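J.: Take the sequence shown: its letters are residues 861 to 1163, numbered as in the numbering used here. Note that the Cβ used here is the ideal one computed from N, Cα and C, for glycine as well. This structure is a prediction, so every number in the text was calculated from the model and none was measured.
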Amino acid sequence: MAKWDAVATGIDQWVLRSMHRRMPASFRESAQDVPSFDDVLAGTAVDEHRTPPDSVLAPGVRTVWLRSLGEPLLCHVRVRLSPDPAAPLLIFHHGFSEMPYYNSWQRIFRRPLPFPVTTVCIQAPFHNHWREPFREAFRSVGRVYQTFAGSLRLIELVQRQFEAAGAAFTALAGVSWGGVTSLLYAGHFGGVRAVAPMLASPNLAQVIWDGAELVGEEMPMSKAELDDLLDFTPRCGYDPARVFPLLGQTDMFFRLDRHAPHYATEPVVVPRAHVFSLYGVRPLREHLGRVLGWAAGNPLAHD
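1) Could you pull out every residue in the same chain whose Cβ sits closer than 8 Å to the Cβ of LEU1152, ignoring the five residues on either side in sequence?
2) Return the residue from the list ARG1142, HIS1147, ARG882 and HIS1134 that minimises the CA-CA distance to GLY870.
3) Going by DSSP, what residues sit across from THR978 in a beta bridge?
4) Residues in its own chain within less than 6 Å of ASP1087 by CB, not counting five upstream and five downstream?
5) Under 8 Å between the Cβ atoms of LEU1044 and PHE1008?
6) Which one of PRO932, PRO960 and GLU889 has the shortest CA to CA distance from PHE998?
7) What distance in whole Å lies between the Cβ atoms of HIS954 and GLY1038, which are believed to be in contact at a cut-off of 8 Å?
8) Between the segment 983 to 992 and the segment 934 to 943, do three or more beta carbon pairs fall short of 8 Å?
9) Give every residue of the same chain whose Cβ lies closer than 7 Å to the Cβ of LEU1014, excluding the five residues on either side of it in the sequence, and list them in chain order.
10) Do PRO1062 and PHE1092 have their CB atoms nearer than 8 Å?
11) Going straight from the alpha carbon of GLU1085 to that of TRP1154, what length do you get?
12) Using the C-alpha atoms, what's the distance from HIS1147 back to SER1036?
13) Does DSSP put LEU926 in a helix, in a strand, or in coil?
14) Going by the CB atoms, is the gap between PRO1127 and LEU1107 shorter than 8 Å?
15) Measuring CB to CB, does PRO912 end up less than 8 Å from GLN1021?
What follows is the structure in structure tokens.
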């Protein structure tokens, strides 16, 4: 077992190095004059002239156009309907640069959960081609904010439409970058019965800092400056009883010792590294089953 743990950890380190080296130099130079996340979110919306809001209710792959700070952004959602229109809704978000974006979602839900549920997989902006995530999403800190803001508007759209159509309640889940996104949504919008960030924490700054250390590169900004830009912990406050984190014991991206303290509740810890967990998804599926079971019996005050 120790041998396989070492292999999995080595793969995490190799991927983390590769990702850090692919980060455009412009990102490192963009710490000055960064728009606020609130301004970027306010300037991002679904383009309802090109995307009828109720189009996301149909099964299959749906195209959604956003406008973010005047720029058109092409995104998609994948909808897998329950036969029961009143079934709960689980909105799932992929990891950064996950190709195809529905890879882990498809694996997790290849086997059905033990009760009816509608699942929708959100595609972040700048994930339509394998070159896009680094070339576009990490062009600048402001671009990172656009990526998150676009996903938040997609989640908002899907939740609003399905709840209006009769969905019993909404829960959120995501892996890695998608876990950060789910926490951001809960912190900004609320209104979800449960949030399951898996292999993630709100502190994206720590992941970038650790990646720089791994490749022996000094960031052109201080740790405090990077935290101020990309540690989203202050923005992710939500009822701790409704947040169900899962972390990997040997995860080199969101290291257990550095990211568990960002949660008010103790995370579930699985004996896995980061990359392998996206392929051996049984612990993730079981975790989501427990979370949805809990959510079914714990309505929000206004439900």
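T.: The structure says:
1) As a working note, residue 1152 is residue 292 in the sequence shown. Counting only Cβ-Cβ distances below 8 Å, and skipping sequence neighbours, we find PRO948, LEU950, LEU973, PHE975, VAL977, ALA1031 and ALA1054.
2) Indexing the sequence shown from 1 puts residue 870 at position 10. Nearest neighbour of GLY870 by Cα position, chosen from ARG1142, HIS1147, ARG882 and HIS1134, turns out to be HIS1134.
3) In the sequence shown, the residue the question calls residue 978 occupies position 118. DSSP output for THR978 lists LEU949 as bridge partner(s).
4) In the sequence shown, residue 1087 corresponds to position 227, counting from 1. Excluding positions up to five away in sequence, the list reads ALA1065.
5) For this step, residue 1044 is matched to residue 184 along the sequence shown. For this step, residue 1008 is matched to residue 148 along the sequence shown. Taking 8 Å as the Cβ cut-off, LEU1044 and PHE1008 qualify as a contacting pair.
6) Against the sequence shown, residue 998 aligns to sequence position 138. Considering only alpha carbons, the answer is GLU889.
7) In the sequence shown, residue 1038 corresponds to position 178, counting from 1. In the sequence shown, residue 954 corresponds to position 94, counting from 1. About 5 Å separates the beta carbons of GLY1038 and HIS954, which is inside the 8 Å limit, making them a contact pair.
8) Put simply, the segment 983 to 992 touches the segment 934 to 943. At least three CB pairs are less than 8 Å apart.
9) Along the sequence shown, one-based indexing puts residue 1014 at 154. Apart from sequence neighbours up to five positions away, the residues of its chain that approach LEU1014 with a beta-carbon distance below 7 Å are VAL924, CYS935, VAL937 and ILE982, ordered along the chain.
10) Working through the sequence shown from its first residue, we reach residue 1062 at position 202. Working through the sequence shown from its first residue, we reach residue 1092 at position 232. Less than 8 Å divides the Cβ of PRO1062 from the Cβ of PHE1092.
11) Locating residue 1085 in the sequence shown gives position 225, where the first residue counts as 1. Locating residue 1154 in the sequence shown gives position 294, where the first residue counts as 1. Annotation: GLU1085 to TRP1154 spans about 38 Å, alpha carbon to alpha carbon.
12) Against the sequence shown, residue 1036 aligns to sequence position 176. Against the sequence shown, residue 1147 aligns to sequence position 287. A direct Cα-to-Cα measurement between SER1036 and HIS1147 gives close to 15 Å.
13) As a first step, residue 926 must be located in the sequence shown, where it is residue number 66. Correct three-state label for LEU926: strand.
14) If you number the sequence shown from 1, residue 1107 lands on position 247. If you number the sequence shown from 1, residue 1127 lands on position 267. Note that the C-beta distance between LEU1107 and PRO1127 is below 8 Å.
15) Taking the first residue of the sequence shown as 1, we reach residue 912 at position 52. Taking the first residue of the sequence shown as 1, we reach residue 1021 at position 161. No, they are not a contact pair.
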